[in-house]
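Spelled out as C-alpha coordinates, the structure:
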(Lines of atoms letter the chains of each structure in order from A; the text may use other names.)
(Lines give C-alpha, C1' and ligand atoms only; values in the text may rest on other atoms or scores of the structure.)
Protein backbone atom coordinates (compact mmCIF):
# COMPACT_ATOMS: atom_id res chain seq x y z
CA UNK A 66 0.00 0.00 0.00
CA UNK A 67 1.25 3.47 -0.89
CA UNK A 68 1.00 6.50 1.38
CA UNK A 69 1.01 10.01 -0.07
CA UNK A 70 1.33 12.99 2.28
CA UNK A 71 0.31 16.39 0.89
CA UNK A 72 1.64 19.35 2.86
CA UNK A 73 3.11 22.81 2.39
CA UNK A 74 5.73 22.20 5.09
CA UNK A 75 8.43 19.55 4.95
CA UNK A 76 12.00 18.65 5.97
CA UNK A 77 13.92 21.42 4.12
CA UNK A 78 14.96 24.51 6.07
CA UNK A 79 12.96 26.50 3.50
CA UNK A 80 9.88 24.41 4.30
CA UNK A 81 9.97 24.49 8.11
CA UNK A 82 7.75 27.04 9.80
CA UNK A 83 6.17 25.32 12.80
CA UNK A 84 4.60 22.19 14.19
CA UNK A 85 3.29 21.01 10.81
CA UNK A 86 6.84 20.30 9.63
CA UNK A 87 7.45 18.17 12.72
CA UNK A 88 4.20 16.29 12.08
CA UNK A 89 4.81 15.45 8.43
CA UNK A 90 8.48 14.58 8.97
CA UNK A 91 7.70 12.24 11.87
CA UNK A 92 4.71 10.68 10.15
CA UNK A 93 6.42 10.16 6.78
CA UNK A 94 9.59 8.72 8.29
CA UNK A 95 7.62 6.35 10.51
CA UNK A 96 5.48 5.06 7.64
CA UNK A 97 8.63 4.46 5.59
CA UNK A 98 10.34 2.67 8.48
CA UNK A 99 7.29 0.43 8.84
CA UNK A 100 7.82 -0.68 5.24
CA UNK A 101 5.23 1.40 3.39
CA UNK A 102 6.13 3.12 0.14
CA UNK A 103 5.73 6.71 1.29
CA UNK A 104 5.66 9.90 -0.77
CA UNK A 105 5.84 13.41 0.71
CA UNK A 106 4.65 16.16 -1.65
CA UNK A 107 5.61 19.54 -0.21
CA UNK A 108 6.70 23.09 -1.10
CA UNK A 109 10.42 22.45 -1.02
CA UNK A 110 13.67 24.34 -1.31
CA UNK A 111 13.76 25.76 -4.85
CA UNK A 112 17.49 25.03 -5.11
CA UNK A 113 17.33 21.36 -4.01
CA UNK A 114 16.64 18.40 -6.32
CA UNK A 115 13.01 18.13 -7.37
CA UNK A 116 12.88 14.52 -6.22
CA UNK A 117 14.91 12.62 -3.65
CA UNK A 118 14.68 9.10 -2.27
CA UNK A 119 15.60 8.02 1.26
CA UNK A 120 14.86 4.32 1.44
CA UNK A 121 11.10 3.88 1.28
CA UNK A 122 10.55 7.64 1.62
CA UNK A 123 10.22 9.62 -1.61
CA UNK A 124 10.49 13.41 -1.33
CA UNK A 125 8.79 15.52 -4.00
CA UNK A 126 9.61 19.24 -3.85
CA UNK A 127 6.68 20.97 -5.52
CA UNK A 128 6.18 24.59 -6.59
CA UNK A 129 9.94 25.16 -6.96
CA UNK A 130 9.29 27.25 -10.06
CA UNK A 131 7.19 29.56 -7.87
CA UNK A 132 9.35 29.40 -4.73
CA UNK A 133 12.42 30.69 -6.58
CA UNK A 134 10.71 34.10 -6.61
CA UNK A 135 9.85 33.87 -2.89
CA UNK A 136 13.06 33.38 -0.86
CA UNK A 137 11.33 34.12 2.46
CA UNK A 138 10.28 30.53 3.09
CA UNK A 139 7.37 28.21 2.55
CA UNK A 140 4.61 30.75 3.28
CA UNK A 141 6.20 33.60 1.34
CA UNK A 142 3.75 34.06 -1.55
CA UNK A 143 1.51 31.37 -0.12
CA UNK A 144 -1.64 32.23 -2.09
CA UNK A 145 0.15 31.83 -5.40
CA UNK A 146 1.76 28.61 -4.21
CA UNK A 147 -1.59 27.28 -3.01
CA UNK A 148 -3.15 27.90 -6.42
CA UNK A 149 -0.22 26.28 -8.24
CA UNK A 150 -0.18 23.31 -5.86
CA UNK A 151 -3.90 22.69 -6.40
CA UNK A 152 -3.67 23.05 -10.18
CA UNK A 153 -0.49 21.15 -11.06
CA UNK A 154 0.15 18.55 -8.35
CA UNK A 155 -3.03 16.42 -8.59
CA UNK A 156 -2.70 15.68 -12.36
CA UNK A 157 0.96 14.72 -11.93
CA UNK A 158 0.29 12.59 -8.85
CA UNK A 159 -2.73 10.92 -10.44
CA UNK A 160 -1.33 10.15 -13.90
CA UNK A 161 2.30 9.39 -12.98
CA UNK A 162 1.85 7.52 -9.71
CA UNK A 163 -1.64 6.79 -8.42
CA UNK A 164 -3.57 5.64 -11.49
CA UNK A 165 -0.92 3.09 -12.64
CA UNK A 166 -0.62 1.76 -9.09
CA UNK A 167 -4.37 1.54 -8.48
CA UNK A 168 -5.13 0.11 -11.94
CA UNK A 169 -2.66 -2.69 -11.21
CA UNK A 170 -4.67 -3.66 -8.13
CA UNK A 171 -2.82 -1.64 -5.52
CA UNK A 172 -4.30 0.57 -2.83
CA UNK A 173 -3.25 4.00 -1.66
CA UNK A 174 -3.84 6.37 1.23
CA UNK A 175 -3.61 10.13 0.74
CA UNK A 176 -3.05 12.21 3.88
CA UNK A 177 -3.46 15.93 3.19
CA UNK A 178 -2.62 18.63 5.72
CA UNK A 179 -4.14 22.08 6.33
CA UNK A 180 -6.24 24.46 4.26
CA UNK A 181 -3.55 24.98 1.62
CA UNK A 182 -4.13 21.42 0.34
CA UNK A 183 -7.95 21.45 0.40
CA UNK A 184 -8.37 22.44 -3.25
CA UNK A 185 -5.72 19.92 -4.26
CA UNK A 186 -7.81 17.23 -2.54
CA UNK A 187 -10.92 18.30 -4.47
CA UNK A 188 -8.98 18.16 -7.74
CA UNK A 189 -7.43 14.76 -6.96
CA UNK A 190 -10.80 13.33 -5.92
CA UNK A 191 -12.30 14.38 -9.26
CA UNK A 192 -9.41 12.92 -11.28
CA UNK A 193 -9.59 9.54 -9.53
CA UNK A 194 -13.35 9.42 -9.86
CA UNK A 195 -13.09 10.23 -13.58
CA UNK A 196 -10.58 7.37 -13.93
CA UNK A 197 -12.98 5.00 -12.16
CA UNK A 198 -10.47 4.31 -9.38
CA UNK A 199 -11.66 6.53 -6.54
CA UNK A 200 -12.81 3.59 -4.39
CA UNK A 201 -9.28 2.17 -4.34
CA UNK A 202 -7.82 5.29 -2.72
CA UNK A 203 -8.49 6.50 0.82
CA UNK A 204 -8.22 10.27 1.18
CA UNK A 205 -7.95 11.90 4.61
CA UNK A 206 -7.70 15.67 5.02
CA UNK A 207 -6.39 16.92 8.36
CA UNK A 208 -6.71 20.24 10.22
CA UNK A 209 -3.95 21.13 12.68
CA UNK A 210 -5.42 24.56 13.42
CA UNK A 211 -8.31 26.81 12.46
CA UNK A 212 -6.14 28.94 10.17
CA UNK A 213 -7.62 29.37 6.70
CA UNK A 214 -10.98 27.77 7.47
CA UNK A 215 -12.70 30.65 5.66
CA UNK A 216 -11.10 29.49 2.39
CA UNK A 217 -12.49 25.94 2.57
CA UNK A 218 -15.59 24.66 0.77
CA UNK A 219 -16.59 22.34 3.59
CA UNK A 220 -19.41 20.34 1.93
CA UNK A 221 -17.23 19.61 -1.10
CA UNK A 222 -14.22 18.70 1.05
CA UNK A 223 -16.33 16.37 3.22
CA UNK A 224 -17.54 14.61 0.06
CA UNK A 225 -14.02 14.29 -1.35
CA UNK A 226 -12.27 13.11 1.82
CA UNK A 227 -12.62 11.89 5.39
CA UNK A 228 -11.87 14.91 7.53
CA UNK A 229 -9.61 14.48 10.56
CA UNK A 230 -8.02 16.69 13.20
CA UNK A 231 -5.50 16.47 16.03
CA UNK A 232 -7.52 16.67 19.27
CA UNK A 233 -11.00 16.36 20.74
CA UNK A 234 -10.96 20.12 21.30
CA UNK A 235 -10.45 20.71 17.57
CA UNK A 236 -13.13 18.15 16.78
CA UNK A 237 -15.67 20.20 18.71
CA UNK A 238 -14.41 23.49 17.21
CA UNK A 239 -14.89 22.10 13.70
CA UNK A 240 -18.48 21.01 14.26
CA UNK A 241 -19.37 24.66 13.71
CA UNK A 242 -18.19 24.11 10.11
CA UNK A 243 -20.74 21.33 9.65
CA UNK A 244 -18.24 18.45 9.86
CA UNK A 245 -17.49 15.77 12.45
CA UNK A 246 -13.79 14.90 12.16
CA UNK A 247 -11.98 11.81 13.34
CA UNK A 248 -9.10 12.49 15.75
CA UNK A 249 -5.54 11.48 14.82
CA UNK A 250 -3.12 13.11 17.28
CA UNK A 251 0.35 14.38 16.63
CA UNK A 252 3.24 12.14 17.55
CA UNK A 253 6.81 12.33 18.74
CA UNK A 254 9.91 11.22 16.86
CA UNK A 255 12.41 8.83 18.43
CA UNK A 256 14.89 11.58 19.31
CA UNK A 257 12.29 13.27 21.53
CA UNK A 258 13.05 10.53 24.07
CA UNK A 259 16.83 10.84 23.93
CA UNK A 260 18.22 11.69 27.36
CA UNK A 261 19.05 15.37 27.85
CA UNK A 262 22.72 16.34 27.97
CA UNK A 263 23.53 15.57 31.62
CA UNK A 264 26.57 17.89 32.00
CA UNK A 265 24.64 20.77 30.42
CA UNK A 266 21.65 20.17 32.70
CA UNK A 267 23.95 20.11 35.74
CA UNK A 268 25.69 23.30 34.65
CA UNK A 269 22.43 25.17 34.08
CA UNK A 270 20.90 24.01 37.35
CA UNK A 271 24.04 24.91 39.27
CA UNK A 272 24.31 28.31 37.65
CA UNK A 273 20.59 29.10 38.17
CA UNK A 274 20.00 27.25 41.44
CA UNK A 275 18.72 30.36 43.22
CA UNK A 276 16.27 31.21 40.42
CA UNK A 277 12.80 29.92 39.51
CA UNK A 278 13.47 29.02 35.89
CA UNK A 279 10.48 29.15 33.55
CA UNK A 280 10.77 28.39 29.84
CA UNK A 281 8.29 29.31 27.13
CA UNK A 282 8.63 28.50 23.42
CA UNK A 283 5.81 29.54 21.13
CA UNK A 284 4.88 31.90 18.34
CA UNK A 285 4.45 35.50 19.43
CA UNK A 286 0.67 35.16 19.32
CA UNK A 287 -1.97 36.39 21.80
CA UNK A 288 -3.46 32.87 21.90
CA UNK A 289 -0.19 31.66 23.45
CA UNK A 290 -0.80 33.80 26.56
CA UNK A 291 2.52 35.60 26.45
CA UNK A 292 1.11 38.60 28.32
CA UNK A 293 -0.28 36.30 31.01
CA UNK A 294 3.21 34.82 31.27
CA UNK A 295 4.63 38.31 31.83
CA UNK A 296 2.05 38.71 34.62
CA UNK A 297 3.33 35.50 36.24
CA UNK A 298 6.94 36.68 36.13
CA UNK A 299 5.99 40.09 37.55
CA UNK A 300 4.06 38.56 40.45
CA UNK A 301 6.84 36.08 41.18
CA UNK A 302 9.37 38.89 41.31
CA UNK A 303 7.17 40.88 43.71
CA UNK A 304 7.10 37.87 46.02
CA UNK A 305 10.88 37.38 45.83
CA UNK A 306 10.70 34.09 43.93
CA UNK A 307 13.56 35.35 41.72
CA UNK A 308 11.98 34.23 38.44
CA UNK A 309 13.89 33.87 35.19
CA UNK A 310 11.81 33.50 32.05
CA UNK A 311 13.70 31.98 29.13
CA UNK A 312 11.62 32.91 26.10
CA UNK A 313 11.82 31.84 22.49
CA UNK A 314 9.25 33.36 20.14
CA UNK A 315 9.03 33.76 16.40
CA UNK A 316 9.06 36.71 14.03
CA UNK A 317 5.49 37.86 14.72
CA UNK A 318 4.75 41.50 15.60
CA UNK A 319 3.13 40.57 18.93
CA UNK A 320 6.62 39.92 20.27
CA UNK A 321 7.33 43.65 20.38
CA UNK A 322 4.24 44.19 22.53
CA UNK A 323 5.22 41.37 24.89
CA UNK A 324 8.78 42.59 25.41
CA UNK A 325 7.65 46.21 25.74
CA UNK A 326 5.09 45.18 28.36
CA UNK A 327 7.77 43.29 30.28
CA UNK A 328 9.97 46.40 30.32
CA UNK A 329 7.04 48.56 31.44
CA UNK A 330 6.55 46.16 34.36
CA UNK A 331 10.16 46.87 35.41
CA UNK A 332 11.34 43.46 34.26
CA UNK A 333 14.86 43.48 32.84
CA UNK A 334 14.90 41.90 29.38
CA UNK A 335 18.13 40.74 27.73
CA UNK A 336 18.63 39.26 24.26
CA UNK A 337 20.87 36.26 23.72
CA UNK A 338 22.19 34.72 20.51
CA UNK A 339 24.76 32.01 19.86
CA UNK A 340 26.48 30.24 16.99
CA UNK A 341 27.41 26.87 18.50
CA UNK A 342 24.69 24.23 18.05
CA UNK A 343 23.34 21.96 20.74
CA UNK A 344 23.38 22.25 24.54
CA UNK A 345 26.86 23.80 24.54
CA UNK A 346 25.61 26.83 22.64
CA UNK A 347 22.63 27.17 24.97
CA UNK A 348 24.81 26.98 28.09
CA UNK A 349 27.11 29.61 26.62
CA UNK A 350 24.19 31.93 25.84
CA UNK A 351 22.88 31.66 29.40
CA UNK A 352 26.29 32.33 30.90
CA UNK A 353 25.60 35.66 32.58
CA UNK A 354 21.93 36.32 33.24
CA UNK A 355 22.14 37.08 36.95
CA UNK A 356 20.48 40.49 36.65
CA UNK A 357 17.92 39.47 34.02
CA UNK A 358 14.26 38.67 34.56
CA UNK A 359 13.56 37.68 30.95
CA UNK A 360 16.03 36.17 28.48
CA UNK A 361 14.85 36.55 24.89
CA UNK A 362 16.52 33.81 22.84
CA UNK A 363 17.16 35.13 19.32
CA UNK A 364 18.82 32.03 17.84
CA UNK A 365 17.32 28.73 16.72
CA UNK A 366 17.03 26.22 19.57
CA UNK A 367 17.73 22.80 18.09
CA UNK A 368 16.22 19.57 19.38
CA UNK A 369 19.18 18.64 21.64
CA UNK A 370 19.27 22.08 23.24
CA UNK A 371 15.48 22.13 23.61
CA UNK A 372 15.43 18.82 25.51
CA UNK A 373 18.19 20.06 27.79
CA UNK A 374 16.37 23.31 28.53
CA UNK A 375 13.00 21.62 29.10
CA UNK A 376 14.55 19.15 31.55
CA UNK A 377 16.61 21.76 33.43
CA UNK A 378 13.72 24.23 33.84
CA UNK A 379 11.51 24.29 36.91
CA UNK A 380 8.49 24.48 34.58
CA UNK A 381 7.81 24.90 30.87
CA UNK A 382 4.87 27.21 30.22
CA UNK A 383 2.80 25.78 27.37
CA UNK A 384 -0.19 27.65 28.79
CA UNK A 385 -2.04 28.63 25.62
CA UNK A 386 -5.62 29.83 25.64
CA UNK A 387 -6.30 28.20 22.26
CA UNK A 388 -4.08 25.20 21.57
CA UNK A 389 -5.15 22.70 18.90
CA UNK A 390 -2.78 20.03 20.25
CA UNK A 391 0.14 21.33 22.29
CA UNK A 392 3.30 19.72 20.96
CA UNK A 393 5.63 21.72 23.23
CA UNK A 394 3.93 20.37 26.34
CA UNK A 395 4.26 16.81 25.07
CA UNK A 396 7.91 17.35 24.10
CA UNK A 397 8.53 18.66 27.62
CA UNK A 398 7.06 15.48 29.10
CA UNK A 399 9.21 13.33 26.80
CA UNK A 400 12.30 15.20 28.01
CA UNK A 401 11.38 14.57 31.65
CA UNK A 402 10.38 18.16 32.30
CA UNK A 403 7.42 19.71 34.12
CA UNK A 404 4.85 20.92 31.59
CA UNK A 405 2.28 23.57 32.45
CA UNK A 406 -0.44 23.42 29.80
CA UNK A 407 -3.71 25.16 29.14
CA UNK A 408 -6.93 23.19 28.91
CA UNK A 409 -7.92 23.19 25.24
CA UNK A 410 -6.33 20.67 22.86
CA UNK A 411 -3.87 19.06 25.26
CA UNK A 412 -5.68 15.72 25.48
CA UNK A 413 -2.59 14.13 27.04
CA UNK A 414 -2.49 16.40 30.13
CA UNK A 415 -3.92 15.06 33.41
CA UNK A 416 -3.96 17.88 36.01
CA UNK A 417 -1.68 17.24 38.96
CA UNK A 418 -0.59 13.82 37.69
CA UNK A 419 1.56 14.31 34.61
CA UNK A 420 1.33 18.10 34.22
CA UNK A 421 0.27 21.37 35.74
CA UNK A 422 -2.87 22.63 34.00
CA UNK A 423 -4.10 26.22 34.16
CA UNK A 424 -7.56 27.36 33.10
CA UNK A 425 -7.28 31.15 33.54
CA UNK A 426 -5.00 34.12 32.89
CA UNK A 427 -4.77 34.78 36.64
CA UNK A 428 -1.09 34.45 37.67
CA UNK A 429 -2.17 33.29 41.13
CA UNK A 430 -3.47 30.06 39.61
CA UNK A 431 -0.07 29.00 38.28
CA UNK A 432 1.74 30.25 41.36
CA UNK A 433 -0.52 28.22 43.63
CA UNK A 434 -0.02 25.05 41.58
CA UNK A 435 3.71 25.57 41.35
CA UNK A 436 4.06 26.36 45.07
CA UNK A 437 2.48 23.01 45.97
CA UNK A 438 4.81 21.23 43.60
CA UNK A 439 7.87 23.03 44.95
CA UNK A 440 6.93 22.11 48.51
CA UNK A 441 6.69 18.43 47.59
CA UNK A 442 9.81 17.37 45.63
CA UNK A 443 8.71 13.73 45.63
CA UNK A 444 5.49 14.68 43.85
CA UNK A 445 7.47 16.76 41.36
CA UNK A 446 9.64 13.74 40.58
CA UNK A 447 6.57 11.54 40.13
CA UNK A 448 5.04 14.11 37.79
CA UNK A 449 8.16 14.13 35.63
CA UNK A 450 8.13 10.32 35.44
CA UNK A 451 4.40 10.21 34.71
CA UNK A 452 4.79 12.79 31.96
CA UNK A 453 7.53 10.79 30.29
CA UNK A 454 5.39 7.65 30.47
CA UNK A 455 2.46 9.51 28.90
CA UNK A 456 4.66 10.82 26.09
CA UNK A 457 5.72 7.26 25.21
CA UNK A 458 2.15 6.58 24.15
CA UNK A 459 2.49 9.37 21.57
CA UNK A 460 5.59 8.02 19.83
CA UNK A 461 4.87 8.06 16.10
CA UNK A 462 5.01 4.27 15.63
CA UNK A 463 2.41 3.91 18.39
CA UNK A 464 0.18 6.62 16.87
CA UNK A 465 0.38 4.98 13.44
CA UNK A 466 -0.39 1.47 14.72
CA UNK A 467 -3.02 2.35 17.31
CA UNK A 468 -4.79 5.34 15.77
CA UNK A 469 -3.97 6.06 12.13
CA UNK A 470 -4.32 2.55 10.72
CA UNK A 471 -7.69 1.87 12.42
CA UNK A 472 -8.96 5.21 11.05
CA UNK A 473 -7.76 4.27 7.57
CA UNK A 474 -9.49 0.89 7.80
CA UNK A 475 -12.70 2.54 9.00
CA UNK A 476 -12.65 4.94 6.07
CA UNK A 477 -11.97 2.12 3.60
CA UNK A 478 -14.90 0.11 4.97
CA UNK A 479 -17.18 3.15 4.67
CA UNK A 480 -16.28 3.43 0.99
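Residue numbers (the numbering used here): 66 to 480. Ideal Cβ placement from N, Cα and C applies to all residues, glycine included.
What did DSSP end up calling residue i once you bin it into helix, strand or coil?
| i | result |
| --- | --- |
| residue 545 | Past the boundaries of the shown model lies residue 545; the chain is included only from 66 to 480, so the question cannot be answered. |
| residue 212 | coil |
| residue 102 | strand |
| residue 229 | strand |
| residue 107 | strand |
| residue 184 | helix |
| residue 155 | helix |
| residue 406 | strand |
| residue 246 | coil |
| residue 203 | strand |
| residue 377 | helix |
| residue 351 | coil |
| residue 393 | helix |
| residue 278 | strand |
| residue 370 | helix |
| residue 383 | strand |
| residue 416 | strand |
| residue 198 | coil |
| residue 253 | strand |
| residue 190 | helix |
| residue 150 | helix |
| residue 143 | helix |
Report yes if the CB atom of residue i is closer than 7 Å to the CB atom of residue j, and no otherwise.
| i | j | result |
| --- | --- | --- |
| residue 402 | residue 388 | no |
| residue 324 | residue 358 | no |
| residue 391 | residue 419 | no |
| residue 155 | residue 122 | no |
| residue 395 | residue 435 | no |
| residue 244 | residue 233 | no |
| residue 370 | residue 343 | yes |
| residue 111 | residue 132 | yes |
| residue 95 | residue 461 | yes |
| residue 379 | residue 266 | no |
| residue 381 | residue 280 | yes |
| residue 368 | residue 256 | yes |
| residue 479 | residue 398 | no |
| residue 307 | residue 276 | yes |
| residue 377 | residue 269 | yes |
| residue 203 | residue 477 | yes |
Name the two residues that bound the continuous alpha helix (DSSP H) containing residue i.
| i | result |
| --- | --- |
| residue 435 | 428-439 |
| residue 62 | Coverage of the chain is limited to positions 66 through 480, which leaves residue 62 absent and any answer about it impossible. |
| residue 337 | Note, residue 337: premise wrong, no alpha helix (DSSP H); beta strand (DSSP E) at 334-337. |
| residue 70 | First-last for residue 70: 67-71, but that is the beta strand (DSSP E), not the alpha helix (DSSP H). |
| residue 328 | 319-329 |
| residue 425 | Here residue 425 belongs to no alpha helix (DSSP H), and DSSP marks it neither H nor E. |
| residue 455 | 442-457 |
| residue 463 | 461-464 |
| residue 300 | 291-303 |
| residue 271 | 263-272 |
| residue 472 | 470-479 |
Contact check, residue i vs residue j under 8 Å by CB: the rounded distance?
| i | j | result |
| --- | --- | --- |
| residue 262 | residue 373 | 5 Å |
| residue 423 | residue 384 | 5 Å |
| residue 226 | residue 186 | 5 Å |
| residue 75 | residue 109 | 6 Å |
| residue 84 | residue 209 | 7 Å |
Could you please give the first and the last residue of the uninterrupted beta strand (DSSP E) stretch that includes residue i?
| i | result |
| --- | --- |
| residue 125 | 122-127 |
| residue 177 | 173-178 |
| residue 117 | 116-119 |
| residue 362 | 359-362 |
If we cut at 7 Å on Cβ distances, does residue i have a partner in chain D?
| i | result |
| --- | --- |
| residue 114 | Structure shown: chain D not included; a single protein chain is present. |
Cβ-heavy atom distance between residue i and the ligand HEM below 6 Å?
| i | result |
| --- | --- |
| residue 398 | Among the components modelled here there is no ligand, and therefore nothing to report on the ligand HEM. |
Meets three-Cβ-pair contact criterion under 8 Å: the stretch 157-167 and the stretch 128-140:
Taking 8 Å as the limit for Cβ pairs, the verdict is that the stretch 128-140 does not touch the stretch 157-167.
Three CB pairs or more closer than 8 Å across the stretch 75-93 and the stretch 238-257
Of all C-beta pairs linking the stretch 75-93 to the stretch 238-257, three or more are shorter than 8 Å, placing the two stretches in contact.
Counting Cβ pairs closer than 8 Å, one from the stretch 290-300 and one from the stretch 339-349, do we hit at least three?
No, the stretch 290-300 is not in contact with the stretch 339-349.
The stretch 441-452 touching the stretch 425-433, judged by at least three CB pairs closer than 8 Å:
When Cβ pairs closer than 8 Å are counted between the two stretches, the stretch 441-452 is seen not to touch the stretch 425-433, the count staying below three.
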